[in-house]
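Going down the list, the sequences are from chains L and Y. The first sequence lines up with residues 1 to 179 when you count with the working numbering. The second sequence lines up with residues 1001 to 1736 when you count with the working numbering. For each residue, glycine too, the CB sits at the ideal point set by N, CA and C. Below: the structure, in structure tokens.
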Amino acid sequence: MAKYGLLVFPERCTGCNACNIACASHNQLGVDVSYNRLEFLETGTYPNVKMEILPVQCQHCDNAPCVSVCPTQATYKREDGIVAIDADKCIGCKYCMAACPYEARQLNEKRVPEKCRWCPEMLEKGEQPACSATCMNEVRLFGDLEDPNSQLNKELAKHEVYQLLEVKGTKPSIFYVKK
Amino acid sequence: MTNLSRRTFLKASATVVAAGSVPAYFGFSEFKKAATEESVKKVPTFCHGCTSYCGIIAHVKNDRVWKVEGHPIHLKSSGRICARGHGMAAYLYSKDRVTGPMKRVGEGKFEPISWNQAFKEIGEKLESIVKQYTGNSVLWLEHGTHRKSYVDRLFDTIGSPNFTTQYSTCFNAKTNAWLQMTGTSLNGDHKNAKYMIFEGRNFAGGIIPNGMNHITQAKEKGAKLIVIDPRFSEIAKIADEWIPIRPGTDLAFRLSMANVLISENLYNKTFVQQFVDGFSEFKRMNKEYTPEWAEPITGIKADKIREIARDYAKYAPQAFIEPGWHGLHSHYVNSTQTAQMGIILNALVGNFYEKGGLMPSASLQLGHLDLPSIENMPEKGARIDGAGVTGKYRTVEPSRGIAQITPQLVQQGLAKAVFICNYNPLRTAPDPEEQKKIKDAELVVSINIDWNETSYYAADYILPEHYYLERLEHPQAVSGHISHDNPQLALRQPVIKPMYDTKNTLDMLKGIADAMGHKDLYPFTIEQEVEAAIAPLGITFEQLKKAGTLEFPATVKPGFPMKKGKPALPTLTGKIQFSADLFKIDGKLGIPVWVPPLVEPDPKNDHEFRLIHGKQPWHSHAMTTNIEHLMKLSEKYQGTFMWLNASRAKKLGIKTGDTVTVKSKIAQKKVQVKVTELLHPEAAWLPSTYGGFSPKNRTANGVGVNFNDFIPIMVDPLSGSTMAQEVVVTVAKEGN
């Protein structure tokens, strides 16, 4: 069984948001919903300044707070590591939204707290999901953490990585490359 | 089917799958089923989100476009496309498309008419205008040259020389300089470069996805990237160094860089001797432009200029100054000289036709239909905008013209009929209030897909074109922006049937010509045109349709073009001409010397700024602003805000989110501000995107302001460009 993971190279991101719109198209999202966002951070003072960009989305945590707080098991962890939502079971209580430290969820027009699905239909075919496939700077690399020969594991071995809010103990499946 | 929203479309496809059990909400669990079980037709074509024209593959379900992906072969996309490419595909289903021909019946009022009525009325009106004022009073404005071959047949018939593109508002200082000095146009070989200078050029904003990919690949291999720009643009984010420059002074920086290369003997003497004409004159006139001279002008330390020049020479010929497009090349009175210096700096280090330096894009020779020649062709007069005309704008390329002065041509009675195709001068040319006067022409026809400002305020007739995903076009050789050795051919073809009562422009011209009595002016179909175009290539229409983009064996090799042992560029000398002959006329110098910007903000006045602009990576200037998903990004990221440098904003008591009044000689507007350290203190920066004012383009209408609101109509006498950053504005917090 595969266990999906994602490696992000924030240094390469130039903030074009192709990931955002490719995702919206692929998933046919309403205009008010977006599964990923970019956090922009300016540091320093003119002219010695830097711009950092951090792509943030559902972290598909191993210890997912949204799963444990969901009263109806609408949010659940799949065997392949994907945190999924059964919209039919969702009662719109928004506990998951409150519990998620990454602010990864957004209410859609049906009051379901939507979030990134990790496009399993693409991962299962060994393809990159829409956000990664369209990225001109190759910021995202998806793959199977269980497969020692996956490109993901090869790249993970090459780089020093960190996870977002490790202190929360959520054990995200997304790894970010340190500069 | 056409009334369903896109989301409902997927519901519909799920319905098929679920055989009647329609889910109340098409959620995640259903998606996988729909995605795997519903058949998806994949049709290759190319994008229309900007002029990079990336190859795309459209995914079609239930005869509706689901999404698009980058075409893996196409040079520009190489499997990837940007946000506007995705957004543009969804815009097919916009509620603001023009669904059939329209005739103006009052201010902001239109009534639908039939194509026959449109052709009859436009044809008769045009015929009477030509009879009364000659064909020279007829003007065609288009974004580019896509439909030029069609327009030419009508214009040859009526005797009009006035085919005009929007290039004078975009980049023609650059193309003009390259044409005069080299007779060609080269591109950065980003993939193999070791040192790249991007000055006023933001590849990550005006995006060529594969170009960016080449840059990041080169950087992984250790290449250095220097970005010189008053604004920390998106490409500065991945640069080794961002060097803010005083806006309008790039020419001084370039002159002093050349000075260092020559005075420190860092230039490539062998190359210059063999391939450059006019070097000694240039050297003589460049002597005074030391880095110390440039420092107070540019705000860049003399030592830094030396360092960049030395590094540039060290890595040459695998080094280049990006030739650029819009960024520096229609904005200042010195843009033509700045473009000339771009060529000169590249030539000085001998990077022409070198891997990792500047290389050509492989081209293709396409075939043409053998069309009957036009009989009794009337003699064409001089262009009414004066482009290429002695005594007027002699040095401006007549094939491109001067778009921004159209309202003046109308007011002067020179332009009586104006056709505006895939172009929106009321929003994208300077001084919109003035541009509105285009409506005073006796006949104004707007050919477009939505209700842009030009259609809404100026057109007597709106003729809706098929959307780019609905139409077939003459195939295009893929070229420009990035170098490549293998020629490619791309086809734009319909991925779905036209949704509304729209036409392609060829059929519109046929209809109008017919109504004017010029029967059989266009005795061909686009299909026949495609067949003729590909005939010399040994491929079939079917092959091209299936592939979308085809790549042919490499034709480009490094090495300066030579003929019988002599340099063979298409210039007078066969060499790169540092002194462009054409620019020498009227007592002007052909060699670039320092020309200060036309206007300067008063350094003692805390309220004065130079207004500059640039592209946002998710919009193509104004043409994508009516796309809901893209405008949502603008909302999310404060994308409509005007940038001000933090120290300057503080002096004026302005914080991020505050509304300010921006005032130039011609306009006063209110806009919200983003306070940032990422901008030169002298500049106020606006995204070149917003300020939509067509009430029928509902998403864009009333959002933000536009740099064009503030600039008077001006013409750079050398290249005809708009000088769109030669404007000083005052900024004051609302209430002050």
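According to DSSP, residue pairing for Y/Y1393 in a beta bridge involves Y/A1387. At a cut-off of 8 Å between beta-carbon atoms, Y/S1361 makes no contact with chain L. Boundaries of the alpha helix (DSSP H) harbouring Y/I1122: 1115-1133, taken from the DSSP string.
Rounded to the nearest angstrom, the gap between the Cα atoms of Y/K1131 and L/S34 is 57 Å. From the beta-carbon of L/N36, no residue of chain Y is found nearer than 8 Å; the closest lies around 11 Å away. A Cβ of chain L is located within less than 8 Å of the beta carbon of Y/T1216. Ranking L/M1, L/L7, L/K3, L/A2 by CA distance to the CA of L/K154 puts L/L7 first. Around Y/G1211, the same chain offers H1190, F1203, H1481, I1482 as residues with beta carbons nearer than 7 Å, after the five sequence neighbours per side are excluded.
Runs of the beta strand (DSSP E) lying entirely within the segment 1572-1631 of chain Y and spanning at least 3 residues, in chain order: 1608-1614. Closer than 8 Å to the CB of Y/C1082 there is at least one CB belonging to chain L. Here DSSP, grouped into helix, strand and coil, assigns Y/V1098 to coil. Taking 3 residues as the minimum length, the beta strand (DSSP E) runs contained wholly in the segment 1214-1290 of chain Y are 1224-1228, 1241-1243, in order along the chain.
By the neighbour-count definition (other C-beta atoms within 10 Å, threshold 16), Y/K1174 is a buried residue. DSSP, reduced to helix, strand and coil, places Y/H1190 within a helical segment of the structure shown. For Y/I1374, there is no enclosing beta strand (DSSP E), since its DSSP letter is neither H nor E. The C-beta distance from L/C119 to L/A130 rounds to 6 Å, short enough to fall under 8 Å.
Non-local beta-carbon contacts of Y/G1720 in its own chain, meaning distances under 7 Å to residues more than five positions away in sequence, involve S1168, N1172, A1387, Y1393, V1396, I1402 in chain order.
Across the structure, Y/S1280 and Y/P1567 are spaced so that their CA atoms are roughly 18 Å apart. For L/R12, the chain Y residues whose C-beta falls within less than 7 Å of its own C-beta are T1216, I1238, listed in chain order. Per DSSP, Y/Y1091 is not a residue of any beta strand (DSSP E), being assigned neither H nor E. With respect to the C-alpha of Y/G1188, the residue from Y/T1689, Y/G1342, Y/P1498 having the closest C-alpha is Y/G1342. Interface with chain Y (8 Å Cβ-Cβ cutoff): L/P47 is included. When Cβ-Cβ separations below 8 Å define contact, L/E155 makes no contact with chain Y.
Under the Cβ criterion (8 Å, minimum of three pairs), the segment 1440-1450 of chain Y counts as touching the segment 1121-1137 of chain Y. Cβ proximity to chain L below 7 Å picks out nothing from the segment 1284-1298 of chain Y. The residues D1485, N1486, in chain order, have a CB closer than 6 Å to that of Y/A1554 in the same chain once the five nearest residues on each side in sequence are set aside. Under the 8 Å Cβ criterion, the segment 1263-1279 of chain Y does not count as touching the segment 1217-1233 of chain Y, having fewer than three qualifying pairs. When Cβ-Cβ separations below 8 Å define contact, Y/N1187 makes no contact with chain L. DSSP places Y/Y1457 in the uninterrupted alpha helix (DSSP H) bounded by 1453-1458. Taking the Cα positions, Y/L1141 is about 48 Å away from L/C58.
At least 8 Å separates the CB of L/M97 from every CB of chain Y. Around Y/L1569, the same chain offers T1182, G1183, T1184, P1561, K1575, I1576 as residues with beta carbons nearer than 7 Å, after the five sequence neighbours per side are excluded. Rounded to whole angstroms, the Cβ separation of Y/D1709 and Y/P1432 is 6 Å, and the two are in contact under 8 Å.
Secondary structure of Y/G1327 (DSSP, three-state): helix. Per the DSSP secondary-structure output, Y/E1069 pairs in a beta bridge with Y/I1057. With respect to chain L, the C-beta atom of Y/E1379 has no partner C-beta closer than 8 Å.
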